[in-house]
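Counting from 1, position 148 in the sequence shown corresponds to residue 800 in the numbering used here; the numbering is continuous, with no gaps. Backbone N, C-alpha and C fix where the C-beta goes; we use that ideal spot for every residue, glycine too. Structure, as structure tokens:
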Amino acid sequence: MGGANKQTFQLVLIKPTHYDDDGYPITWLRSHIPSNTLAALYGLGEDCRRREVLGPDVDLVVRPIDETNTRVQVDRLVRDFKRGGGKGLICLVGVQSNQFPHAVDLARKFLAAGLPVAMGGFHAAGCLSMLPVVPPEIQAAMDMGISIYAGEAEEGRLDEVLRDAWNGTLKRLYNYMDDLPGIENAPTPHLPAAALARNEGKKSSFDLGRGCPFQCSFCTIINVQGRKSRFRNADDLEAIIRENYKQGITAFFITDDNMARNRHWEDFFDRIIELKENEGIEVSLLIQVDTQCHRIPRFIAKCQWAGVYRVFIGLENINPDNLLAAKKRQNKITEYRKMLQAWHKAGISTWAGYILGFPGDTRESILRDMEIIKKELPLDILELFMLTPLPGSEDHQTLWKQGVWMDPDLNKYDLHHRVVHHPKMSDAEYDQTYRDAWRTYYTPEHIETVARRHGSVPGRNPAEPAQFMTMFKIMFEAEGIHPLEGGIVRLKYRRDRRYGMPIEPIGVFHWKLAVESWKKIGIYARLAWQGWRIGQKVRHDPKRHEYMDLALAPVNDEDDKLALFAETSGGEAALAKVRNEDLARAKVAAAHNQRLEAAE
């Protein structure tokens, strides 16, 4: 609380969730994935407090709320504002397209109570960077009284918003998309202990770089964060780790879209290794990389040494024609097995994103590709997404210009719902194929195969991938959501239903919730028991270290017989191109050797 002669300004940072199919916010008792945006803005807010940007007579109080693990109780927050003097700002941060409808619904309630509201995130930034006009939903939000913020908040930009809110002069639009800030020496991203405690496993997250040089047509990052990369430095990294370590946080998700293309990656890993060896500060890391990272000298070895235990890889597809159509030219399916085997040998779990619904896909080709991946690639977690024209992507811009139908309900733009028509599959067939692809990959037999691949590596616990894959299966089967949105113990509140949908009578709501919960408990119990048995079976197999299958077999000249090349669209051509490139290099090397011999 402020001193006797001070006023209080409350900055409430809310990272909103989005609605499920029944119109209830997806909130958990404990969430799996911490919000990097919330940590970054909390750090910036605390820096504003320390610098007294509102003057020495104002106490700035910063409160972060991650709605994936905390219910947003508007009435209670309004009462807190009034007790604190009524001065402050509600910021809805990191709002993605699928979260935009719910964020607007929250804002509507705060505005009705007389509180100022600002909103930022990928939806606003992406739309304003890629479309020639302000989209109607963003214009409607501004007309309601919401201040829209597009861009990043470093380099004093949050200061401006706070001062405007203090003075009652908030602009309807803050657009910084043409001037992205540097992040080196920026305030340390972090969250208070109470907020971190609501993450499962007490994880946190941060970024070390922003921006991406590639041109993938489905991606929004290149148009929101830019194609020119910006980086933190090793001192920034150490400060982040130390700040979190004081609170007992040692597990981190580094949210860089591609850690392997961060030019300071080795400096970062070396600093982490120094902290471990000199001070005993040991961390566990989840990072994101591309499919060519294994070709960077020492990269995987340094990852292993620094504490990387899992990598997310933008595999996207195994059909070269699909990859070219999406401008994902950097992905070479001829390198997939080498890359995944390199991670496997290092004892690091692989987690890949995979997109379904490219124009050339059919139900038969998608289900065939699932079987190819299971048999020929040593991959652990496969995370399936529907090809979605996300606002802010080139795909969305193209369809918008062409006037092609896209579902007007932004809540569905979560990569888990179909929002466009497919050229070769009916809507019903596309939806069913997506569900069947999940079930095809996460069979008990394949979960056991992945567990055995891990069990073949000395020191690895095969029960861990079995448990993790089972969790993904449970989220999809029991909760009906994408596993990326999962958590521990789903929470639902009757009066939090989507604006415009009827509030169910109390008896009806709780009866439906009880029936739904009972069914979920049955699925949870059955699948958890199944996953545990698989893990224990492999773990106690005395011959587990002898396991070998096609996916683990050494890469050799017989690879042209693999279905990965023989049956995928463009696979044979991709392999032939590599063979020709290898032959050309061999000829150049031979000619060079001949010249050396002649000179001698």
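Worksheet entry | Own chain residues within Cβ distance below 8 angstroms of Q1049, not counting five before or after | Within the sequence shown, the letter at position 397 stands for residue 1049. Cβ neighbours of Q1049 beyond the five flanking positions: M782, L783.
Worksheet item: Going by the beta-carbon positions, is the gap between I952 and H946 smaller than 9 angstroms?
Response: On the sequence shown, position 300 is the one that residue 952 refers to. On the sequence shown, position 294 is the one that residue 946 refers to. For I952 and H946, yes; Cβs fall inside 9 angstroms.
Discussion item. On a Cα-Cα basis, can you pick out the residue from E807, Q1084, I1033, M1153 that is closest to P1117?
Written reply: One-based indexing of the sequence shown puts residue 1117 at position 465. For the residues E807, Q1084, I1033, M1153, the minimum Cα distance to P1117 belongs to I1033.
Worksheet entry | Selection from L1019, R879, F858, C864 that minimises the alpha carbon distance to I893 | On the sequence shown, residue 893 is found 241 positions in, with the first residue counted as 1. Of the candidates L1019, R879, F858, C864, the one whose C-alpha sits nearest the C-alpha of I893 is F858.
Fill in: Where R850 falls: helix, strand or coil (DSSP)
As a working mapping, residue 850 is identified with position 198 in the sequence shown. DSSP places R850 in coil when its eight states are reduced to three.
Worksheet item: Which stretch, first to last residue, makes up the beta strand (DSSP E) that contains V713?
Response: For the purposes of this step, residue 713 is taken as residue 61 along the sequence shown, with counting starting at 1. Here the beta strand (DSSP E) through V713 covers 710-718.
Worksheet item: With L1031 and A1004 assumed to form a contact (beta carbons below 8 angstroms), what rounded beta-carbon distance in angstroms separates them?
Response: Translated into the one-based positions of the sequence shown, residue 1031 becomes position 379. Translated into the one-based positions of the sequence shown, residue 1004 becomes position 352. About 6 angstroms; that satisfies the 8 angstroms criterion.
Worksheet item: Nearest CA to the CA of A777: which residue from A793, V876, S683?
Response: Against the sequence shown, residue 777 aligns to sequence position 125. It is V876 whose Cα lies nearest to the Cα of A777.
Practice prompt. Just the C-alpha distance for L1179 and T1092, rounded to the nearest angstrom, thanks.
Written response: Counting from 1 along the sequence shown, the entry for residue 1179 is found at position 527. Counting from 1 along the sequence shown, the entry for residue 1092 is found at position 440. Looking at the two C-alpha atoms, the distance is approximately 15 angstroms.
Fill in: Assigned secondary structure, A802 (DSSP; H/G/I helix, E/B strand, else coil)
If you number the sequence shown from 1, residue 802 lands on position 150. In the structure shown, A802 sits in a strand (DSSP, three-state: E or B).
Item to complete: Starting from the Cα of L1136, find the closest Cα among I1186, L1067, R1087 and give me that residue.
Response: For the purposes of this step, residue 1136 is taken as the residue at position 484 of the sequence shown. Among I1186, L1067, R1087, the Cα nearest to that of L1136 is on L1067.
Fill in: Contact check, N930 vs R884, beta carbons under 9 angstroms
Start at 1 with the first residue of the sequence shown, and residue 930 comes out as number 278. Start at 1 with the first residue of the sequence shown, and residue 884 comes out as number 232. Going by C-beta atoms, N930 is not nearer than 9 angstroms to R884.
Worksheet entry | D831 and L822 closer than 9 angstroms at C-beta | Translated into the one-based positions of the sequence shown, residue 831 becomes position 179. Translated into the one-based positions of the sequence shown, residue 822 becomes position 170. Taking 9 angstroms as the Cβ cut-off, D831 and L822 do not qualify as a contacting pair.
Fill in: Rounded straight-line distance, which links the Cα of Y961 to that of H1271
With the chain covering only 653 through 1252, there is no way to say anything about residue 1271.
Practice prompt. Taking E719 and K761 to be in contact with their CB atoms under 8 angstroms, please state how far apart those CB atoms are, rounded to whole angstroms.
Written response: Here residue 719 corresponds to residue number 67 of the sequence shown, with the count starting at 1. Here residue 761 corresponds to residue number 109 of the sequence shown, with the count starting at 1. Wrong, their Cβ atoms sit about 13 angstroms apart, outside the cutoff.
Item to complete: Count the C-beta pairs between the region 1073-1089 and the region 902-911 that are closer than 8 angstroms, then say yes if the count reaches three, no if not.
Response: no
Fill in: Sequence ranges, beta strand (DSSP E) only - wholly within the region 1038-1079, length at least 3
none
Fill in: Cβ neighbours of R1014 in the same chain (closer than 8 angstroms, five flanking residues each side left out)
Counted from its first residue, the sequence shown places residue 1014 at position 362. Note on identity: in this sequence residue 1014 is Thr, with Arg being the wrong assignment. The residues are K1076, M1077.
Worksheet item: CA-CA distance, E1028 and E1100?
Response: As a first step, residue 1028 is located in the sequence shown; it is residue number 376 there, counting from the start. As a first step, residue 1100 is located in the sequence shown; it is residue number 448 there, counting from the start. Each residue's alpha carbon lies about 15 angstroms from the other.
Worksheet entry | Between the CA atoms of R1146 and V726 - distance to the nearest angstrom | Mapped onto the sequence shown, residue 726 falls at position 74. Mapped onto the sequence shown, residue 1146 falls at position 494. Those two C-alpha atoms are separated by around 14 angstroms.
Item to complete: Following the continuous beta strand (DSSP E) through K1027, name the residue where it begins and the one where it ends.
Response: As a working mapping, residue 1027 is identified with position 375 in the sequence shown. Here K1027 belongs to no beta strand (DSSP E); instead the alpha helix (DSSP H) covers 1015-1028.
Discussion item. Going by DSSP in three states, A770 sits in which element: helix, strand or coil?
Written reply: If you number the sequence shown from 1, residue 770 lands on position 118. Strand.
Worksheet item: Below 8 angstroms, can you find three or more Cβ-Cβ pairs linking the region 1107-1126 to the region 1189-1196?
Response: yes
Item to complete: With DSSP as the reference, please indicate the residues paired to W680 in a beta bridge.
Response: Within the sequence shown, numbered from 1, the residue matching residue 680 stands at position 28. W680 pairs with R1142.
Practice prompt. Give me the Cα-Cα distance between E926 and P949, rounded to the nearest whole angstrom.
Written response: Locating residue 926 in the sequence shown gives position 274, counting from the first residue. Locating residue 949 in the sequence shown gives position 297, counting from the first residue. Looking at the two C-alpha atoms, the distance is approximately 20 angstroms.
Discussion item. Please report the distance separating the alpha-carbon of E1131 from that of Q751.
Written reply: Taking the sequence shown and counting its residues from 1, one reaches residue 1131 at position 479. Taking the sequence shown and counting its residues from 1, one reaches residue 751 at position 99. Taking the straight line from one Cα to the other gives about 18 angstroms.
Worksheet item: How would you label I717, buried or exposed, when you count the other beta carbons within 10 angstroms and need 16 or more for buried?
Response: Along the sequence shown, one-based indexing puts residue 717 at 65. Counting Cβ neighbours within 10 Å, I717 comes out buried, since at least 16 surround it.
Worksheet item: Taking DSSP as the reference, what is the three-state secondary structure of L1008?
Response: One-based indexing of the sequence shown puts residue 1008 at position 356. The answer is strand: DSSP assigns L1008 an E or B state.
Item to complete: Would you kindly check if the distance between the Cβ of K984 and the Cβ of A1226 is under 9 angstroms?
Response: In the sequence shown, residue 1226 corresponds to position 574, counting from 1. In the sequence shown, residue 984 corresponds to position 332, counting from 1. Contact flag set, yes.
Item to complete: Would you tell me roughly how many angstroms separate the C-alpha atoms of S936 and I1000, rounded to the nearest one?
Response: The residue given as residue 936 occupies position 284 in the sequence shown. The residue given as residue 1000 occupies position 348 in the sequence shown. So the two alpha carbons sit approximately 11 angstroms from each other.
Worksheet item: CB V724 to CB T660, shorter than 9 angstroms?
Response: Position 72 of the sequence shown holds residue 724. Position 8 of the sequence shown holds residue 660. Not a contact, by the Cβ cut-off of 9 angstroms.
Worksheet item: To which residues of the same chain is E1224 closer than 7 angstroms at the C-beta, ignoring the five residues directly before and after it?
Response: Within the sequence shown, numbered from 1, the residue matching residue 1224 stands at position 572. Contacts found: F1217, A1218.
Worksheet item: Exposed or buried, what is T1095 when buried is set at 16 or more other beta-carbons lying within 10 Å of its beta-carbon?
Response: As a first step, residue 1095 must be located in the sequence shown, where it is residue number 443. Exposed, because fewer than 16 other Cβ atoms sit within 10 Å of the Cβ of T1095.
Worksheet item: For M1127 versus G675, is the C-beta spacing smaller than 9 angstroms?
Response: The sequence position of residue 1127 within the sequence shown is 475, counting from 1. The sequence position of residue 675 within the sequence shown is 23, counting from 1. For M1127 and G675, no; Cβs fall outside 9 angstroms.
Discussion item. For a quick check, are the C-beta atoms of S1017 and N971 less than 9 angstroms apart?
Written reply: Position 365 of the sequence shown, counted from the first residue, corresponds to residue 1017. Position 319 of the sequence shown, counted from the first residue, corresponds to residue 971. In this structure, N971 lies closer than 9 angstroms to S1017 by Cβ.
Discussion item. Looking at the secondary structure, which residues open and close the alpha helix (DSSP H) in which R1178 lies?
Written reply: Your numbering for residue 1178 matches position 526 in the sequence shown. R1178 -> alpha helix (DSSP H) spans 1158-1191.
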